[in-house]
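Participant: The sequence shown begins at 1 in my numbering and counts up by one.
Heads up, the beta-carbon is just placed ideally off N, CA and C, and yes, glycines get one too.
Encoded as structure tokens, here's the structure I'll be asking about.
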Amino acid sequence: MQLEFSPEEIAFQQEVRSFIAENYPKHLRSVQDEGHDLSKEDFLSWHRILAKKGWIAPAWPVEYGGTGWTATQRFIWSEELAAADCVGTMPFGLSMVGPVIYTFGTPEQKARFLPGILSGDDWWCQGYSEPGSGSDLASLRTKAVRDGDHYIVNGQKTWTTMAQHADWGFFLVRTDPDAKQQEGISFLLIDMKSPGVTVRPIITLGGEHEVNEVWLEDVRVPVENRVYEENKGWTCAKFLLAHERTGIAAVARSKRGVEKIKQIARTEMDGDKPLLANAFFKRKISELEIDLTALEFTELRSLAGEAAGKGPGPESSLLKIKGSEIQQRITELALEAVGHYGAPYFRGFGEGDNEHPIGPDYAHRAAPTYFNTRKTTIYGGSNEIQRNIIAKMVLGI
Ligand SMILES: Cc1cc2nc3c(=O)[nH]c(=O)nc-3n(C[C@H](O)[C@H](O)[C@H](O)COP(=O)(O)OP(=O)(O)OC[C@H]3O[C@@H](n4cnc5c(N)ncnc54)[C@H](O)[C@@H]3O)c2cc1C
């Protein structure tokens with residue numbers, strides 16, 4: 001396994017670093033530094049710059065708009081994005097439905113949908129989970145009944161991330177109630193402005209509006225918006241879930257997170273000694289760094305396998321479990337590091353106080369981020385489900 005970068009790869013790293021330094025939107029940097037929530041436009045401002053450069057979809061085949069980078073170049077790219085603390089691009093179009101469409105879609109579907117995903121003109125959401133159908137996704141009950149050249153869709157989806165901004169959604173629906181669970185499902189692309197689609201917010205522990213319920217009542221969807229064959233949507237669903245798990249370890253971003261905590265812990269707060277002088281806290285940081293380094297090597301091993309043409313195997317489950325647990329530990333230590341400034345997070349407190357919470361800027365997002373990050377062990381296939389996969393595929397149980 002070769003873990004050192006070649007001279008060409010180091011030159012590529014420099015090119016990427018300069019591009020980010022010269023092009024990352026300044027207003028976005030200040031929104032992030034001041035700890036404000038990011039709007040749709042904030043996300044799209046960086047997306048559009050990358051789209052213009054042709055770097056928005058590095059993992060896509062070149063013929064559909066990919067960069068043609070090697071797995072190592074893609075790794076360098078994500079490392080540099082994280083090191084520069086750039087906001088992520090939304091995964092629902094680029095990492096989820098895009099690959100499904102260019103793999104299973106018709107030429108017309110590719111021509112209709114891929115350009116909008118790349119440019120950012122179409123914002124997508126994922127309509128898989130339902131109340132009672134999360135881990136056991138194949139039990140989903142939203143149904144689509146054929147009516148000429150349309151489907152009539154009825155049902156409810158839940159936890160639909162960022163659906164409040166979405167132009168389009170990709171939905172799993174039951175088209176054959178009599179078939180075996182996995183065999184009666186189809187994959188539909190639904191215009192979120194269609195009559196009968198209602199998006200209702202779910203406000204999370206951190207006070208954020210990130211997820212939603214989506215209700216579908218007699219929604220008419222043209223049959224041409226079905227990807228792949230009727231009742232074969234499970235094939236698309238599984239393919240997409242494998243893509244969803246790629247990059248879920250977020251090693252580069254976690255490294256940046258640890259650095260941020262160390263920065264905070266080096267600072268004197270309210271005349272107290274820096275927290276990093278406390279041996280107990282220092283030990284927690286060291287343990288985190290050791291685990292993160294081990295995770296990084298697992299990711300590099302997986303990358304070396306990918307470069308040698310091996311698809312992601314059960315190690316993607318290992319990466320998901322350890323990566324998500326580390327992300328949570330980082331937010332726990334961040335909250336500890338900011339001390340009492342992390343306690344009130346001011347969302348909705350007092351008239352006009354929201355803009356000027358007390359304490360240093362970096363403290364203001366510690367609590368909401370801590371609460372928000374509880375999700376990482378649940379979404380993308382919960383960690384218990386990942387353990388089941390490892391038990392089956394690695395341990396043979
Ligand atoms: C913040 C957030 C964003 C999300 N965004 C989206 C989205 O955009 N689109 C979408 O479709 N979905 C989304 N989801 C849903 C997510 O995929 C589900 O929450 C997840 O699959 C778990 O399903 P569930 O919530 O129904 O929990 P359940 O499946 O009911 O599980 C409850 C608990 O039981 C455990 N469990 C279940 N089955 C087993 C088993 N066989 N063995 C051992 N333990 C088990 C689980 O691990 C969990 O701890 C999101 C979830 C969150 C939290």
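(1) Could you give the DSSP three-state label for GLU4: helix, strand or coil?
(2) To the nearest angstrom, how far is it from the Cα of ILE202 to the Cα of ALA57?
(3) Mind checking whether GLY323 and LEU295 have CB atoms under 8 angstroms apart?
(4) Examine ligand 1 and report whether any of its heavy atoms sits within less than 7 angstroms of the Cβ of ASN388.
(5) Do TRP60 and GLY66 have their C-beta atoms within less than 8 angstroms of each other?
(6) On a CA-only basis, which of PRO177, VAL97 and ALA366 is nearest ILE330? Give me that one, please.
(7) Determine the burial state of ASN278: buried for a count of at least 16 other Cβ atoms within 10 Å of its Cβ, exposed for fewer.
(8) Does the beta carbon of SER382 fall short of 7 angstroms from some heavy atom of ligand 1?
(9) With DSSP as the reference, label LYS238 as helix, strand or coil.
(10) Which residue wins for smallest C-alpha separation from THR198, given the options ASP218, ASP121, SER254 and GLU208?
(11) Taking 8 angstroms as the threshold, find out whether the stretch 309–319 comes into contact with the stretch 387–395 through three or more Cβ pairs.
(12) Any idea what DSSP makes of LYS143, helix, strand or coil?
(13) DSSP on ARG365, reduced to helix/strand/coil?
(14) Taking 8 angstroms as the threshold, find out whether the stretch 74–90 comes into contact with the stretch 146–154 through three or more Cβ pairs.
(15) Taking 7 angstroms as the cut-off, is the C-beta of TRP215 nearer than that to any heavy atom in ligand 1?
(16) Which term fits ASN212, buried or exposed, when burial requires 16 or more other beta carbons within 10 angstroms of its beta carbon?
(17) Strictly by DSSP, which residues pair up with ASN154?
(18) Within the continuous beta strand (DSSP E) that includes PRO222, where are the two ends?
(19) From which residue to which residue does the alpha helix (DSSP H) around THR198 run?
(20) May I ask you to list the residues that DSSP assigns as paired with ASP191?
(21) Residue range of the alpha helix (DSSP H) that GLY257 falls in?
(22) Compare the Cα-Cα distances from ALA265 to each of PRO177, ARG283 and MET90 and report the closest residue.
(23) Answer yes or no: the CB of TRP159 versus the heavy atoms of ligand 1, is any distance below 7 angstroms?
(24) Excluding the five sequence neighbours on either side, which residues of its own chain have a C-beta within less than 7 angstroms of the C-beta of SER135, listed in chain order?
(25) Under the rule that 16 or more other beta-carbon atoms within 10 Å means buried, what is ASP122, buried or exposed?
(26) On the CB-based measure, 16 or more other CB atoms within 10 Å of its CB, does GLN14 come out buried or exposed?
(27) Mind checking which residues open and close the alpha helix (DSSP H) that includes GLY127?
(28) State the DSSP-derived secondary structure class of GLU130, mapped to helix, strand or coil.
(29) My output table needs one value for VAL338: the three-state DSSP class, helix, strand or coil.
(30) How far does the alpha helix (DSSP H) with ASN278 in it extend, from its first residue to its last?
(31) Is the beta carbon of ILE203 within less than 7 angstroms of some heavy atom of ligand 1?
(32) Tell me, please, which residues DSSP counts as bridged to ILE56.
(33) Which residues bound the alpha helix (DSSP H) around ALA83?
(34) At a cut-off of 7 angstroms, would you count GLY309 as near ligand 1, judging by its Cβ distance to the nearest heavy atom?
(35) How is VAL16 classed by DSSP in three states: helix, strand or coil?
(36) Consider the C-beta atom of ILE385 and the heavy atoms of ligand 1; say whether any pair is separated by less than 7 angstroms.
Facilitator: In brief:
(1) coil
(2) It is roughly 30 angstroms from the alpha-carbon of ILE202 to the alpha-carbon of ALA57.
(3) Cβ atoms of GLY323 and LEU295: closer than 8 angstroms.
(4) yes
(5) yes
(6) ALA366
(7) Around the beta carbon of ASN278, fewer than 16 other beta carbons lie within 10 angstroms, which makes this residue exposed.
(8) yes
(9) In this structure, LYS238 counts as helix in the three-state DSSP scheme.
(10) ASP218
(11) yes
(12) Residue state, collapsed to three classes: strand.
(13) If DSSP states are grouped into helix, strand and coil, ARG365 belongs with coil.
(14) no
(15) Distances taken from the Cβ of TRP215 to the heavy atoms of ligand 1 include none shorter than 7 angstroms.
(16) buried
(17) Looking at the DSSP output, ASN154 sits in a beta bridge with LYS143.
(18) 209–222
(19) Counting along the chain, THR198 falls outside any alpha helix (DSSP H), though it belongs to the beta strand (DSSP E) covering 197–203.
(20) TRP168
(21) In this chain, the alpha helix (DSSP H) harbouring GLY257 covers 251–266.
(22) ARG283
(23) yes
(24) SER382 and ILE385
(25) Here ASP122 is buried: its Cβ has 16 or more other Cβ atoms, across all protein chains shown, within 10 Å.
(26) exposed
(27) From DSSP, GLY127 is part of no alpha helix (DSSP H) but of the beta strand (DSSP E) over 124–127.
(28) strand
(29) helix
(30) First-last for ASN278: undefined, no H or E at that position.
(31) Outside the cutoff, so no.
(32) Answer by DSSP bridge pairing: none, since ILE56 is not bridged.
(33) 71–83
(34) no
(35) helix
(36) For ILE385, the shortest C-beta to heavy atom distance toward ligand 1 is below 7 angstroms.
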